[in-house]
Amino acid sequence: MTINYTHLRFDGLFAGVALGWLQCFHPGALRLTNHRRSALCLCGLVLASGGFLLNQTDPRMYTVG
Numbered sequence: 042m043t044i045n046y047t048h049l050r051f052d053g054l055f056a057g058v059a060l061g062w063l064q065c066f067h068p069g070a071l072r073l074t075n076h077r078r079s080a081l082c083l084c085g086l087v088l089a090s091g092g093f094l095l096n097q098t099d100p101r102m103y104t105v106g
């Protein structure tokens, strides 16, 4: 049984709210050039790597993952 604590997931909620705010109030900020798209993909891979490299019961998943 897995437990998803809400207070440990606010970073994802905040990221979604920030993207929505940018889209609504600064629509040009989300236009991606090739350089920005590559940087975004690299950041996404780095951020997602914790989910693939760490076990869900590992204590580091609550801080790094």
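In the working numbering, the protein residues as written are 42 to 106. By construction, the Cβ of each residue, glycine as well, lies at the ideal position given by its N, Cα and C atoms. Predicted model only: the values in this text are computed from it and were never measured.
*Relative to the alpha-carbon of Arg88, which residue among Tyr46, Thr47, Asp52, His48 has its alpha-carbon at the smallest distance?*
Along the sequence shown, read from residue 1 onward, the residue named residue 88 stands at position 47. In the sequence under discussion, the amino acid at residue 88 is Leu, which differs from the Arg named in the question. Comparing Cα positions, the closest option is Asp52.
_Residue range of the unbroken alpha helix (DSSP H) whose run includes Arg77_ = Translated into the one-based positions of the sequence shown, residue 77 becomes position 36. 75-94 is the extent of the alpha helix (DSSP H) around Arg77.
_Cβ-based neighbour list, Met49, same chain, cut-off 7 Å, excluding 5 preceding and 5 following_ = The residue you call residue 49 lines up with position 8 of the sequence shown. Here the sequence assigns Leu to residue 49, which means Met is not the residue at that position. Answer for Leu49: Tyr103, listed in chain order.
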